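Peer 1: Chains as they are written, first to last, in the numbering used here: chain H, 1 to 273; chain P, 274 to 495; chain X, 496 to 716.
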Amino acid sequence: MNTTDVSAFPLRLEGDAIPMVSFKKVTKSYGNLVVLDSLDLDVAEGEMVTVIGPSGSGKTTVLRMLMTLETINGGVIYVDGEPLTHMERDGKLVRADSRHLRKMRSKIGMCFQHFNLFPHMTALENCMEGPVHVLGMSKKEARERSEELLAMVGMAEKRDQHPSRLSGGQQQRVAIARALAMRPKVMLFDEVTSALDPEVIGEVTNVIRQLVAEHNLTMLMVTHQMGFAKDISDRICFFYSGRIEEQGTPDELFGNPQKERTQQFLSAVKEAS
Amino acid sequence: MFDWRWDFTFEILPRLIVATGNTLLAAGLGYAIAVVLGLVFALAQRTPFRPLTIAVREAVEFIRSTPLVLQIFFVFYVGPQFGIRLSPWTAGMIAIGLHYAAYLSEVYRGGLESVPKGQWEAAKSLNLSTARTYFRVILPQALPPSLAGMGNYLVGIFKDTPMLSVIGVAELMHTANAIGSETYRFLEPFTLVGIIFLCISLPTAALIRLFEGWVRRKLGLG
Amino acid sequence: MSYFEFLGQYGDRIASGTLITMALTVLSALLAVAIAVAAGLMRMAPNMAVRGLATVYIEVFRGTSLLVQLYWIFFVLPLFGITLEKFTAGFVAVGMNLGAYGAELVRGAILSVPKGQWEAALALNMSPAKRMIRVILPQAVLIMLPSWGNLLIELLKGTALVALISVADLMFQVKQINGTTFMSAETFGTALIIYYVLARFMITPFMRWLERFMLRKMGRA
């Protein structure tokens, strides 16, 4: 079960069309509870993949592992061809050290369900923090980039406000700008609308729609907004108890689900909405 | 009131006020040591190195569970036994500083634990370094919830300085005792000491509450 | 002199000091609890004079030092015709001081009993006293017991000060022994360990037991 032996996995992915994100036989468990069971999932560059499924199906864990917020028990994750969870030493894959993790993390940005803005910094300071202190950008440059992004998410006027003065939807838009300011190659959206009042969900989903339309970002999203997922995703993955039960284009999955569990889940969701 | 002598009161008041200066100095110095050392204790308990974590945890527990007055005696008298002679002030500051460092480390610990996990995760997702995460993200948020406790212990250390009189630090209590044994009058000096303590600790406690609100607003957490 | 010889020679005095310290702790704890409940309830009384009296008591005892209070009770009270024997003066001072801190715990705990409980008791038409005794206090006790654990350790530590008015407690004994032997590490070190054992292996387990006992009694265990 605990496949810590990773000798069978390649040191890096090579070839023409390497996926931006690649999970290879990834396993995650807490004690006896298996959260992800030998997951294989590739996400191509520029692709928008949405993960849906009942709670406890492991969908959030997929994003958290990519952000290195969770360790994995088996398998290897590759980002941009390079191993994320491991690194090469003497021609073998070994567990990544903190330096390797920091290098790889710079390719990934994440937005959280509860925003996690820094409460003692203004919207602008939240966005500038990473560019200045991680990327080593000049304050002037970072400010320009941050202001541009805040304008893009429609928060230019509130840039000097602290998070406590902003609504949930506004906070989430700032959080998106903050993540984008790091110029990640992969963006992760972890239930970004779940903590929002219904009337402000649209302002956040519109920002993500715009991102999909105008930028060639690779994105992974976990959401309960089925209509939204259907509109913007290239592919939908339905997770059930730690594995991908079914996946396909939105039309395939929502229009003609093949597996019984998918049908049950989708009709239950439809009932509720 | 009874046998209260105003002429005697005014005669000893200047001496007591000078001694109050020493009391405030002792409290201030001791607190400065405790604030810094307490943070060291608190952060040491968060390192991944288990033996250090456990050793510091036990030391903090030990210091918190034993009387300060005994610790003062211990620091002052044990040194000379091994050839290290400490002045009453030095010994007093070490003892009271260590004692309150143990208390403050618990306050900091609570403050650090009150910062939501999501803040750590956001810092990680932005790839902030550990030092940057602590100083720019975590500590500013751990500070406001710690302020009430820190304030309580500032008043606490001030009220505990009379214990330094036992090894001859010439603070307020020591001076009142000296006046008592010179003149055989205890009513005025001891009562005045009580009044002086009340006059300093009550407004200080109120000021600390104001300061707490100010810091919260300053950090935009109000 | 080895440490064992030291213990052989002075063990009796250290043991008798420890017993005095334990007696002081128990007596001042009982006094502190009684004062805390009385002053805590008075602090919330509708009558302003009663409330004011409790407030003054709490602020004076929390605003000055235990040592100052101890000296005042021992040296100054006799001038008013109230002479307490030094042992009594000792535990009264400690009890009154910690009682003031305890009063705030009592008040805080009573205030943090959910409002719905007051309303439910009122809806059953209970008298104010019944509401407090039957409904509010039992729940407040559970809320404040953990804080009392810490307060009792403070109280134990506070009793060490009575050595300064020559009550022959543990602190006093080791100070005397140190004065004749100059074996400071042994004397004060032994006392430190004894205080630690009293705090961590007697008071803390006792309070834990009391918490569990109360929880069981209220059917929440």
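C-beta atoms are modelled at their ideal positions from N, C-alpha and C, and glycine is treated no differently.
Quick caveat, the model's predicted, so the values are computed rather than measured.
Quick one: what's S29 (chain H) bridged to in DSSP?
Peer 2: Looking at the DSSP assignment, S29 (chain H) forms a beta bridge with H:V34.
Peer 1: Taking any Cβ of chain P, which residues in the segment 190 to 215 of chain H have a Cβ under 9 Å from it, in chain order?
Peer 2: Answer set for the segment 190 to 215 of chain H: empty.
Peer 1: When the distance is taken between beta carbons, is I306 (chain P) closer than 7 Å to M436 (chain P)?
Peer 2: No, they are not a contact pair.
Peer 1: Tell me, which residues are paired with Q247 (chain H) by DSSP?
Peer 2: Q247 (chain H) pairs with H:C237.
Peer 1: With 9 Å as the C-beta to C-beta threshold (strictly closer), list the residues of the segment 394 to 411 of chain P near chain H in chain order.
Peer 2: Here the close residues are E394, A395, A396, K397, S398, L399, N400, L401, S402, T403, R405, R409, V410.
Peer 1: Using a Cβ cut-off of 7 Å, which residues of the segment 460 to 490 of chain P contact any Cβ in chain X, in chain order?
Peer 2: Under the 7 Å Cβ criterion, the segment 460 to 490 of chain P contributes L460, F463, T464, V466, G467, F470, L471, S474, L475.
Peer 1: For D280 (chain P), report the span of its alpha helix (DSSP H) as first-last.
Peer 2: Per DSSP, D280 (chain P) belongs to the alpha helix (DSSP H) from 279 to 317.
Peer 1: Using a threshold of 7 Å, state whether the C-beta atoms of V608 (chain X) and I631 (chain X) are closer than that.
Peer 2: Cβ atoms of V608 (chain X) and I631 (chain X): closer than 7 Å.
Peer 1: Report the neighbours of M709 (chain X) on chain P: residues whose CB is nearer than 9 Å to its CB, in chain order.
Peer 2: Those within 9 Å of M709 (chain X) in chain P number zero; the least Cβ separation is about 23 Å.
Peer 1: Of all the alpha helix (DSSP H) runs that stay within the bounds of the segment 607 to 678 of chain X, which reach a length of 4 or more residues?
Peer 2: DSSP runs (the alpha helix (DSSP H)) wholly in the segment 607 to 678 of chain X: 610 to 618, 632 to 654, 665 to 676.
Peer 1: For H162 (chain H) and chain P, any beta-carbon pair shorter than 7 Å?
Peer 2: Yes, its Cβ sits closer than 7 Å to a Cβ of chain P.
Peer 1: Chain P partners of S679 (chain X), CB-CB under 9 Å?
Peer 2: Going along chain P in sequence order, the residues near S679 (chain X) (Cβ under 9 Å) are F346, F347, F349, Y350, V351, G352, P353, Q354.
Peer 1: Quick check on the burial criterion: 16 or more other C-beta atoms within 10 angstroms. Buried or exposed for A694 (chain X)?
Peer 2: With 16 or more other Cβ atoms within 10 Å, it is buried.
Peer 1: Using a Cβ-Cβ distance cut-off of 7 Å, determine whether L494 (chain P) contacts chain H.
Peer 2: With 7 Å as the cut-off, L494 (chain P) counts as an interface residue toward chain H.
Peer 1: Which one of X:E599, X:Y596, X:P633 has the shortest CA to CA distance from W613 (chain X)?
Peer 2: It is X:P633 whose Cα lies nearest to the Cα of W613 (chain X).
Peer 1: Going by Cα to Cα distance, which pick from X:A588, X:N673, X:I515 is closest to F556 (chain X)?
Peer 2: When only C-alpha atoms are compared, the closest one is X:A588.
Peer 1: Kindly indicate if chain H contains any beta-carbon less than 7 Å away from that of G301 (chain P).
Peer 2: Answer no: the Cβ-Cβ gap between G301 (chain P) and chain H never drops below 7 Å.
Peer 1: M182 (chain H) versus chain P: which residues are under 9 Å apart at the beta carbon?
Peer 2: Simply S398, L399, N400.
Peer 1: Could you give the DSSP three-state label for G74 (chain H): helix, strand or coil?
Peer 2: Strand at G74 (chain H).
Peer 1: Considering only residues of the same chain and omitting the five flanking positions on each side of A320 (chain P), which have a CB-CB separation below 7 Å?
Peer 2: According to the sequence displayed, residue 320 (chain P) carries Thr and not Ala. Cβ within range, chain order: T326.
Peer 1: For E141 (chain H) and chain P, any beta-carbon pair shorter than 7 Å?
Peer 2: By this cut-off, E141 (chain H) is not an interface position.
Peer 1: Give the single residue among H:D90, H:H86, H:P250 whose Cα lies nearest to the Cα of D97 (chain H).
Peer 2: Ranking the options by Cα distance to D97 (chain H), first place goes to H:H86.
Peer 1: From E649 (chain X) to R711 (chain X), what distance separates their C-alpha atoms?
Peer 2: Approximately 27 Å between the Cα atoms of the pair.
Peer 1: For T205 (chain H), collect the residues of the same chain with a Cβ closer than 7 Å to its Cβ; drop the 5 residues on either side in sequence, then sort them by chain order.
Peer 2: Contacts found: T193, Q225, F228.
Peer 1: Checking 7 Å against the spacing of the C-beta atoms, do A741 (chain X) and L593 (chain X) come in under that value?
Peer 2: The question about residue 741 (chain X) has no answer, for chain X in this structure spans 496 to 716.
Peer 1: What residue from H:P257, H:I244, H:G255 has the CA that sits closest to G290 (chain H)'s CA?
Peer 2: Because residue 290 (chain H) is not part of the residues shown, which for chain H are 1 to 273, the question remains open.
Peer 1: Quick one, are the C-beta atoms of L465 (chain P) and L289 (chain P) less than 7 Å apart?
Peer 2: Yes, Cβ-Cβ distance for L465 (chain P) and L289 (chain P) is below 7 Å.
Peer 1: For T50 (chain H), list the residues DSSP reports as bridge partners.
Peer 2: Per DSSP, H:M221, H:I236.
Peer 1: Tell me whether M1 (chain H) is buried or exposed, calling it buried when 16 or more other Cβ atoms sit within 10 Å of its Cβ.
Peer 2: Since pLDDT at M1 (chain H) reaches only 38, below the 50 mark, its modelled position is unreliable, and no value is offered.
Peer 1: Taking contact to mean at least 3 C-beta pairs separated by less than 8 Å, is the segment 288 to 303 of chain P in contact with the segment 364 to 377 of chain P?
Peer 2: With a cut-off of 8 Å, the segment 364 to 377 of chain P and the segment 288 to 303 of chain P count as touching, because enough Cβ pairs lie within range.
Peer 1: Per DSSP, what kind of secondary structure is M65 (chain H) in: helix, strand or coil?
Peer 2: M65 (chain H) falls in the helix class under three-state DSSP.
Peer 1: Please name the residue in P:W277, P:I336, P:A299, P:T282 whose C-alpha comes closest to that of L445 (chain P).
Peer 2: Out of P:W277, P:I336, P:A299, P:T282, P:A299 has the C-alpha closest to the C-alpha of L445 (chain P).
Peer 1: Helix, strand or coil: which one does DSSP assign to R89 (chain H)?
Peer 2: Looking at R89 (chain H) - three-state DSSP - the assignment turns out to be strand.
Peer 1: Scan the segment 373 to 397 of chain P for residues whose Cβ lies nearer than 7 Å to a Cβ of chain H and list them as they occur along the chain.
Peer 2: Here the close residues are G391, Q392, E394, A395, K397.
Peer 1: When the Cα atoms are used, what is the spatial distance from S241 (chain H) to E334 (chain P)?
Peer 2: C-alpha separation (whole angstroms): 45 Å.
Peer 1: Going along chain P, which residues have a C-beta under 8 Å from W567 (chain X)?
Peer 2: Within chain P, the residues near W567 (chain X) are F463, T464, G467.
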